[in-house]
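Notes follow once the structure below has been shown.
In my numbering, the protein residues as written are 202 to 291.
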C-alpha cells in the first residue's frame, strides 16, 4: 500500500479524534484540516491482505493548532510513524 495513503489514514484518524474531543461544545467552528507534516518514517511494507491498525494521539494544543502523532501497525509492529499538525478551518 502506498505510504501516502497510510499517512492519509492517520491524518483522517487525527481529524476524527479532534471532532470527538470537540463533541459537546456548543459551537464548533470549522472542520479539522492538515496544516503541516512534521515527519514521516516508513519502517515496513504493507501488502494486500495485511490488517492495519491506525492510531492517532494529541501531543499538544497551542491556540488553534493541534499537534498530533500517529502510526500504522501491522501484526503489532509499526509500519509508519508520522507527526503532523491540524487546525480548524471554516
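For each residue, glycine too, the CB sits at the ideal point set by N, CA and C.
Note down the Cα distance separating residue i from residue j, rounded to an integer number of angstroms.
| i | j | result |
| --- | --- | --- |
| residue 271 | residue 225 | 24 Å |
| residue 283 | residue 260 | 12 Å |
| residue 253 | residue 245 | 12 Å |
| residue 250 | residue 262 | 36 Å |
| residue 323 | residue 219 | Any property of residue 323 remains undetermined from this structure, which presents the chain solely from 202 to 291. |
| residue 277 | residue 264 | 34 Å |
| residue 204 | residue 210 | 10 Å |
Determine the burial state of residue i: buried for a count of at least 16 other Cβ atoms within 10 Å of its Cβ, exposed for fewer.
| i | result |
| --- | --- |
| residue 215 | buried |
| residue 237 | exposed |
What span of residues does the beta strand (DSSP E) with residue i cover, start to end?
| i | result |
| --- | --- |
| residue 253 | 253-263 |
| residue 283 | 278-290 |
Does the distance from the C-beta atom of residue i to that of residue j stay below 9 Å?
| i | j | result |
| --- | --- | --- |
| residue 279 | residue 207 | no |
| residue 286 | residue 258 | no |
| residue 247 | residue 202 | yes |
| residue 239 | residue 212 | no |
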